[in-house]
Amino acid sequence: MSQPVIIKSNKYGLNLILDPDVPFPELLGHITKKFLESENFFKNARMAISFEGRELTREEEYQIIDTISQNTSIYIVCVIDYDENREQYAKEKVEQCLVEESDNTGRFYKGTLRSGQALECETSIIIIGDVNPGAKIISTGNIIILGALKGTAYAGASGDEDCFVVALDMNPVQIKIGSIIGRSEDKGILASIRERKKVAAQPQVATVSDGHILIEPITKNTFNNI
């Protein structure tokens, strides 16, 4: 081989073509150099990896993955065998990983969203601040606002009606969960938020119930039922 390490990549996976004759410790050095040169190209990528050109033990595979992880921001989802269906398999594994991550992780945003501002994210999100009238927050997951919701919140933007919206002070212009929309003026849906008795703000949660948006105070059992 003219080069000890060759990297071939597509949107979902990396294929490392490795010289079969280079001693393994030396090969690790070449891998490190190759990935450092490519760091900007693969930055923060989630990818599957496969190996070609030489037989590797499981321990050697682990060492290569560890070398890549220590020297780049690439996250290796899995190791796959080399075959003609590799790209499709890598695509499926990466997409599965992203779904699992979005189910179990979220994003933080610190600051107040003001009129005209919109924030969109592909995970659940926690806002440390207020969402003012005229501002909008859109999430494919859940929305938790550690402040006042006075603007628009759209949870479950991919169509998931099992998502929820939480706010310490719930007084939205509009809430949408999945395909279900509720507005502050819709008395039957949001229970006349603006006409409720003036009491101290309390944390509330919005969920979908029987095809409508239901807003109710948070209790210790609330999230056991969601």
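Residue numbers (my numbering): -17 to 208. For each residue, glycine too, the CB sits at the ideal point set by N, CA and C.
Checklist entry - Over what stretch of residues does the alpha helix (DSSP H) that includes K15 continue unbroken? => result By one-based count along the sequence shown, residue 15 stands at place 33. Here the alpha helix (DSSP H) through K15 covers F6 to E19.
Item to check | Strand pairing of A100, partner residues [DSSP] | outcome: For the purposes of this step, residue 100 is taken as residue 118 along the sequence shown, with counting starting at 1. Paired residue(s): K118.
Checklist entry - Which of the three DSSP states, helix, strand or coil, is assigned to E66? => result Numbered from its first residue, the sequence shown carries residue 66 at position 84. Note that E66 scores a pLDDT of 45, beneath 50, so its modelled location is shaky; the value from the coordinates is reported in the next line. If DSSP states are grouped into helix, strand and coil, E66 belongs with coil.
Checklist entry - Excluding five sequence neighbours on each side, which residues of the same chain lie with their C-beta closer than 6 Å to the C-beta of G224? => result In the structure displayed, the chain extends from -17 to 208; residue 224 sits before or after that span and is not available.
Next on the checklist: On a Cα-Cα basis, can you pick out the residue from R28, I(-1), L38 and T189 that is closest to Y136?
Outcome noted: In the sequence shown, counting from the first residue as 1, residue 136 sits at position 154. Per the Cα distances, T189.
Checklist entry - Does DSSP put N53 in a helix, in a strand, or in coil? => result Translated into positions along the sequence shown, residue 53 becomes position 71. In the three-state DSSP reduction, N53 falls in the helix class (H, G or I).
Checklist entry - Relative to the alpha-carbon of L18, which residue among I(-1), F90, I157 and Q52 has its alpha-carbon at the smallest distance? => result Sequence index remark: in the sequence shown, residue 18 carries index 36 (1-based). Closest by alpha carbon: Q52.
Item to check | Whole-Å CB distance - K25 paired with S55, under 8 Å assumed | outcome: In the sequence shown, counting from the first residue as 1, residue 25 sits at position 43. In the sequence shown, counting from the first residue as 1, residue 55 sits at position 73. Yes, K25 and S55 are in contact; Cβ-Cβ is about 5 Å, under 8 Å.
Checklist entry - So, helix, strand or coil for I46, using DSSP? => result Reading the sequence shown from its first residue, position 64 is the one you call residue 46. Helix, per DSSP.
Checklist entry - From the DSSP output, which residues share a beta bridge with G(-5)? => result Sequence index remark: in the sequence shown, residue -5 carries index 13 (1-based). For G(-5), which the question treats as bridged, DSSP gives the partners A30.
Checklist entry - Quick one, which of T49, E104, N153 and V61 has its alpha-carbon nearest L141's? => result As a first step, residue 141 must be located in the sequence shown, where it is residue number 159. According to the sequence as given, residue 141 is Gly; it is not Leu. The shortest Cα separation from G141 among T49, E104, N153 and V61 belongs to E104.
Item to check | Residue from I31, R36, R28 and S20 with nearest C-alpha to P5 | outcome: Counted from its first residue, the sequence shown places residue 5 at position 23. Among I31, R36, R28 and S20, the Cα nearest to that of P5 belongs to R36.
Next on the checklist: In whole angstroms, give me the CA-to-CA distance for D192 and L(-4).
Outcome noted: On the sequence shown, residue 192 is found 210 positions in, with the first residue counted as 1. On the sequence shown, residue -4 is found 14 positions in, with the first residue counted as 1. Answer to the nearest angstrom: the Cα atoms are 46 Å apart.
Checklist entry - By a C-beta neighbour count over all protein chains shown, 10 Å radius and 16 as the cutoff for buried, is L(-2) buried or exposed? => result Against the sequence shown, residue -2 aligns to sequence position 16. Buried, because 16 or more other Cβ atoms sit within 10 Å of the Cβ of L(-2).
Next on the checklist: With the cut-off set at 8 Å, would you say I120 and I109 are in Cβ contact?
Outcome noted: Residue mapping note: residue 120 aligns to position 138 of the sequence shown, counting from 1. Residue mapping note: residue 109 aligns to position 127 of the sequence shown, counting from 1. Going by C-beta atoms, I120 is not nearer than 8 Å to I109.
Checklist entry - Taking just the CA atoms, how far does Y91 sit from F33? => result For this step, residue 33 is matched to residue 51 along the sequence shown. For this step, residue 91 is matched to residue 109 along the sequence shown. Distance between the alpha carbons of F33 and Y91: 39 Å.
Checklist entry - Rounded C-beta distance between G129 and D112? I'm assuming under 8 Å. => result Walking along the sequence shown from the start, residue 129 turns up at place 147. Walking along the sequence shown from the start, residue 112 turns up at place 130. The Cβ separation is near 4 Å, so the contact holds.
Checklist entry - By a C-beta neighbour count over all protein chains shown, 10 Å radius and 16 as the cutoff for buried, is A149 buried or exposed? => result The residue labelled residue 149 in the question sits at position 167 within the sequence shown. Per the 10 Å Cβ criterion, buried.
Item to check | Where I197 falls, given that 16 or more other Cβ within 10 Å makes a residue buried | outcome: Numbered from 1 along the sequence shown, position 215 holds the residue referred to as residue 197. By the neighbour-count criterion, in which a residue is buried when 16 or more other Cβ atoms sit within 10 angstroms of its Cβ, I197 is buried.
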